[in-house]
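Colleague:
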Amino acid sequence: EVQLVESGGGLVKPEGSLRLSCAASGFTFSRYSMNWVRQAPGKGLEWVSTISSHSDYIYYADSLKGRFTISRDNAKNSVFLHIDRLTAEDTAVYYCTRDLSLGMPGGFDSWGQGTLVTVSS
Amino acid sequence: QSVLTQPPSASGTPGQRVTISCSGSSSNIGINTVNWYQQFPGTAPKLLMYSDYQRPSGVPDRLSGSKAGTSASLAISGLQTEDEADYYCAAWDDSLNGWVFGGGTKLTVL
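Chains as they are written, first to last, in our numbering: chain P, 1 to 121; chain L, 122 to 231.
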C-alpha cells in the first residue's frame, strides 16, 4: 500500500524558513516523480512543485519561484520542500503527492495526509 | 483567480445526474489531459479521474469524464449522498510549465 507521511509543519514567524519532509513507502520510490500541493484554509488546491524520479527536472509554480526548493533522497525514500522568507500567504496544508506517470507529469495518484504550516507572529 | 474555471457550486437530488464543467485554454486542456480530484472536508484529495476519462481502481462507473477542445466535464449519475464533496479539475500547462487547478466545485446533494 502506498503511504506518504508529511512532517515538519508548524507555527513559523514571518520571514522565517521551514523544511517539510515526506516519507514514502509501499512502492519503488526512485521510479516516480513527486510533487507538493498546498491548500490555504478554506481555499482551493495550488500546485507548488514537481521533482522527477532522479531530480533531472524540477518545476515550480511561477508565483513561488525563488523561495521554494524541492529535493529528494532516493536512498531514504524521501522528498523535501524548503521554504524561505515565509509570509502569511504561505499558511496552508502542504500535501506530498506521487505522480501517476513514470514519465512526464501525469497527475497525483496518491496523497499524504498533509502537514499544516501556519505563518504568524 | 484560477487558470481553470469551474462553477463554485453544483447540486442535485439523489438519483439525478450532475455535470461539473472545467474550462481552460489551448496551453492546458487544449493539449494535455485532464484529471479530477474529490475532497471531503478535513481530508486529503483523492484522484477521481485521469487522462480525461480513465477511472482509477475503485471509482464507480457512474462517474465519467469527457473533454472537448479546451473544456472538460465530470459527470456523476445516480447521485448519492456520499458524493457530496469538493471537486477539482487539473491539467498540465505548457506555457506555465506546471500544473494548474480549477477553483473547485462544491457539490451538494439535496
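For every residue, glycine included, the Cβ atom is placed at its ideal position computed from N, Cα and C.
From residue 227(L) to residue 152(L), what does the alpha carbon distance come to, in whole angstroms?
Modeller: For residue 227(L) and residue 152(L), the distance between alpha carbons rounds to 27 angstroms.
Colleague: Count the other CB atoms, across all protein chains shown, that sit within 10 Å of the CB of residue 138(L); report buried if there are 16 or more and exposed otherwise.
Modeller: Classification for residue 138(L): exposed.
Colleague: Quick one: grab the DSSP three-state call for residue 74(P).
Modeller: Helix at residue 74(P).
Colleague: Kindly provide the ranges of any alpha helix (DSSP H) runs that are 4 or more residues long and lie completely inside the region 174-204 of chain L, ordered along the chain.
Modeller: You should have found no qualifying run.
Colleague: Since I believe residue 168(L) is in contact with residue 107(P) (beta carbons under 8 angstroms), could you give me their beta-carbon distance rounded to a whole number of angstroms?
Modeller: That belief holds up - the Cβ atoms of residue 107(P) and residue 168(L) are roughly 6 angstroms apart, short of 8 angstroms.
Colleague: Of all the CB atoms in chain L, is at least one closer than 8 angstroms to the CB of residue 114(P)?
Modeller: By this cut-off, residue 114(P) is an interface position.
Colleague: Going along chain P, which residues have a C-beta under 7 angstroms from residue 123(L)?
Modeller: 44, listed in chain order.
Colleague: I need the DSSP call for residue 29(P), collapsed to helix, strand or coil.
Modeller: Note: residue 29(P) maps to helix in three-state DSSP.
Colleague: Would the beta-carbon of residue 216(L) fall within 8 angstroms of that of residue 148(L)?
Modeller: Cβ distance < 8 angstroms, so residue 216(L) and residue 148(L) count as in contact.
Colleague: Closest Cβ-Cβ distance between residue 128(P) and chain L: below 8 angstroms?
Modeller: Here chain P has residues from 1 to 121 only, and residue 128(P) is not among them.
Colleague: Counting contacts by CB-CB distance shorter than 8 angstroms, is residue 94(P) in contact with chain L?
Modeller: Output row for residue 94(P): interface = no.
Colleague: Quick check: the region 127-145 of chain L against the region 59-72 of chain P, are there 3 or more CB pairs under 8 angstroms?
Modeller: Touching, no, given that fewer than three Cβ pairs across the two stretches are closer than 8 angstroms.
Colleague: Between which two residues does the beta strand (DSSP E) holding residue 2(P) run?
Modeller: Per DSSP, residue 2(P) belongs to no beta strand (DSSP E) and is neither H nor E.
Colleague: Going by CA-CA distance only, name the one from 200(L), 130(L), 132(L) and 154(L) that's closest to residue 221(L).
Modeller: With distances taken between Cα atoms, residue 221(L) lies closest to 154(L).
Colleague: Within its chain, find whatever has a CB closer than 8 angstroms to the CB of residue 99(P); leave out the 5 residues flanking it on each side and keep chain order.
Modeller: These residues qualify, in order along the chain: 32, 33, 34, 35, 50, 105, 106, 107, 108 and 109.
Colleague: Using a Cβ-Cβ cut-off of 8 angstroms (strictly less than) and excluding sequence neighbours within five positions of residue 187(L), which residues of its own chain qualify?
Modeller: 173, 174, 193, 194 and 196.
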